[in-house]
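Student: Here it is, the structure, as structure tokens.
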Amino acid sequence: MSNEAEDVVRCQLTFNVDRDGFFRRTCPSCGRDFKTQVNEADLVASLQPAFRQIGLEIGAELSGEREEEAQEHLYCPYCEHYAESGDMLTQTLVSYFERYAMREYVLPVVNKMFSNAADAFGGIGRGSSKGSISFEIIFEHHRSVLPPRPISGPEPPDMTIVELLCCGKRAKILDGWHDLRLCPYCGTRVLLQ
Amino acid sequence: MNLSKDQITNSLRLFKARRDDLLHEDEAAFEHHVQRFIEFCQNDVLVQSIVSPLRQDLTVNVDEWWEKVNSKELWFPSDPDTELLLRYGILVSVINNPCLALQFGKAMRKYKRDEYVELFRVLVVRPFMDELTHRLGNAANLASPEERALQAVPLNRIPKVNETRVFLSHKSVDKPLVYRYYYALKELGFEPWLDEPDMPAGANLEQEVFRGFAESCAAVFLITENFKDEKYLAAEVEYAVMQKRGKGEKFAIITLRYPNASPVPRLLTPYIYKDVENDLEGFYELLRALPVETGPIRWKAHVVAN
């Protein structure tokens, strides 16, 4: 009988967008922030790599609802760096994911593991006989209180909205940046007016 | 509260950093992070815009709360404002007396530092942070003016300076009518071409008319009851057709036929023509048929001069 249901932990993440419905991103090349419109499907796809990365770091396989969703690509509106949208997440958001995964998935699993191990070995196991080695296993885990859930936001309504007439989408760029030359979504050469 | 967009953004950035340090950083530095957070709150205008009014209107008894904790009673007011202020006061009290966190732990039967600090964070700090985060977000939105959008226009949609004039073809007797179109187009920002204002004295008529077509994105033919035959049109229609062949979608031949006019001349029937009742209808059809669009709505300069 499969125990698949027990192996799947479903977490519902909540994170803030700004008043105008924009999601903050950071260019991995130049480090500047910009914002894109929130599209749930695109967002799930762009967060998949972040989840996988976090999963690798914590030694677990974390996956979202839409495993096969195609990765959206974006251009940085400042340096024109082209990357998968999942590579253009802010450090704040990645930290939020990590904390969330740690609290909701990793620590409960660790607690359960230690609890099972302690049951199996009775806390301390010893073995010794002539010609063999003695060993001692001590299971000690004090994390009885889970850390607080991380909080997302508030996201300031900063930056300037740009309507991209090439693809009909909108983005936000830094105030005072007048040198936008290509659309972050489709890469069309544009002029800011 | 009068804060600039940058101040609000910076305020929220610092708030998030201090909040996350306090909620998630190592237990060993817990009191330090409480102090840093409270110092930030006391000096930040945006946070004070939330906390100060509560202080003026409400009274909370932090000592009483600690006494109840010592009696193993974890109690918070049901009123959200009072609860927020009380939790803020509890954090301030932890700075003044670092032993209080330990005291909280003893009351909750958590004697190891990592456990009682974590429990304090979960039961006292996080609900406060959650509510303050929500209120700060609202305050920041209220304090920030609505943004006006800029437009990023694809380069291929931006015409060159000398290719979007509108050539107005007409009979001399219809001059008053064509001038009404001329001024209406000028008001909208277009550069209509009309023989009188656009032909310098002594200029070669044929050359100037041809140049007028070359610089235009549309040729408009006004057919009124004064129209008798199409001979006078022949040269201009020929020029227009040449432009259409050369420019394709970027050039429109538009014919507006007024009431009681003869049928649309044969030369123009392959192109756009509309029967119109009056100038307004004619102008509407003209704008619809142009290959260029009118600009975004803006305040006139003198309206915002002061």
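Residue numbers (this note's numbering), protein chains in the order written: chain Z, -15 to 177; chain P, 17 to 322. Heads up, the beta-carbon is just placed ideally off N, CA and C, and yes, glycines get one too.
Would you mind working out which of F92(P), L139(P), D60(P), Q72(P) sits nearest L39(P), comparing C-alpha positions?
Tutor: The option with the nearest alpha carbon to L39(P) is L139(P).
Student: Kindly list the residues whose CB is nearer than 7 Å to the CB of A200(P), restricted to its own chain and excluding five residues on each side of it in sequence; keep chain order.
Tutor: The answer, listed in chain order, is F299.
Student: P307(P): which of S68(P), R181(P), D97(P), A45(P) sits nearest, CA to CA?
Tutor: With distances taken between Cα atoms, P307(P) lies closest to R181(P).
Student: Would T172(Z) count as contacting chain P if we go by Cβ distances under 7 Å?
Tutor: So yes, T172(Z) belongs to the interface.
Student: Compare the beta carbon distance of R173(Z) and L171(P) with 7 Å and say whether it is the shorter of the two.
Tutor: Yes, Cβ-Cβ distance for R173(Z) and L171(P) is below 7 Å.
Student: Whose Cβ in chain P lies nearer than 7 Å to the Cβ of C11(Z)?
Tutor: None at all; the shortest Cβ gap to chain P is about 17 Å.
Student: Can you list the beta strand (DSSP E) stretches of 3 or more residues lying completely in the region 279 to 303 of chain P, in chain order?
Tutor: If we require 3 residues or more, the beta strand (DSSP E) runs fully inside the region 279 to 303 of chain P come out as 288 to 291.
Student: If you check the beta carbons only, do V22(Z) and L166(P) fall under 7 Å apart?
Tutor: In this structure, L166(P) does not lie closer than 7 Å to V22(Z) by Cβ.
Student: Just mark W81(P) as buried or exposed, buried being the case when its beta carbon has 16 or more other beta carbons within 10 Å.
Tutor: When all chains shown are included, W81(P) counts as buried.
Student: Should R50(Z) be flagged as near chain P, meaning a C-beta pair shorter than 7 Å?
Tutor: Model confidence at R50(Z) stands at a pLDDT of 48, short of 50, so the residue's coordinates are unreliable; what they give is reported in the following sentence. So, not an interface residue.
Student: For a cutoff of 7 Å on Cβ pairs, would you count Q75(Z) as touching chain P?
Tutor: No - not a single Cβ of chain P is within 7 Å of the one on Q75(Z).
Student: Less than 7 Å separating the beta-carbons of T271(P) and Y289(P)?
Tutor: Contact flag set, yes.
Student: Give a yes or no on whether the minimum CB-CB distance between R196(P) and chain Z is below 7 Å.
Tutor: For R196(P), the answer is no, since every Cβ of chain Z falls outside 7 Å of its Cβ.
Student: Please report how far the alpha carbon of L102(P) lies from the alpha carbon of E55(P), in whole angstroms.
Tutor: Their Cα atoms are separated by approximately 17 Å.
Student: With a threshold of 6 Å (Cβ to nearest heavy atom), would I270(P) be considered close to the ligand ZN?
Tutor: Among the components of this structure there are no ligands whatsoever, and the ligand ZN is therefore not found.
Student: Leaving out five residues before and five after W91(P) in sequence, what residues of the same chain have Cβ atoms less than 8 Å from its Cβ?
Tutor: W81, K84.
Student: Inspect the beta-carbon positions of F183(P) and G228(P) and report whether they are closer than 7 Å.
Tutor: Yes, the Cβ-Cβ distance between F183(P) and G228(P) is below 7 Å.
Student: So what does DSSP say about V177(P), is it helix, strand or coil?
Tutor: Reduced to three states, the DSSP call for V177(P) is helix.
Student: Put W209(P) into one of helix, strand or coil per three-state DSSP.
Tutor: It is a strand residue.
Student: Considering Q177(Z), what are the terminal residues of the beta strand (DSSP E) in which it resides?
Tutor: First-last for Q177(Z): undefined, no H or E at that position.
Student: Take A168(P) as the anchor and find which of V319(P), P312(P), N18(P), A317(P) has the nearest alpha-carbon.
Tutor: The shortest Cα separation from A168(P) among V319(P), P312(P), N18(P), A317(P) belongs to P312(P).
Student: Tell me whether L58(Z) sits in a helix, a strand or coil according to DSSP, three-state version.
Tutor: Three-state result, L58(Z): strand.
Student: Using 7 Å as the threshold, is the C-beta distance between F(-1)(Z) and T20(Z) below it?
Tutor: Contact: no.
Student: If you measure between the beta carbons of G231(P) and N178(P), is that distance less than 7 Å?
Tutor: For clarity, residue 231(P) is Glu in the given sequence; the question names Gly instead. Yes, the pair counts as a contact, with Cβ atoms nearer than the cut-off.
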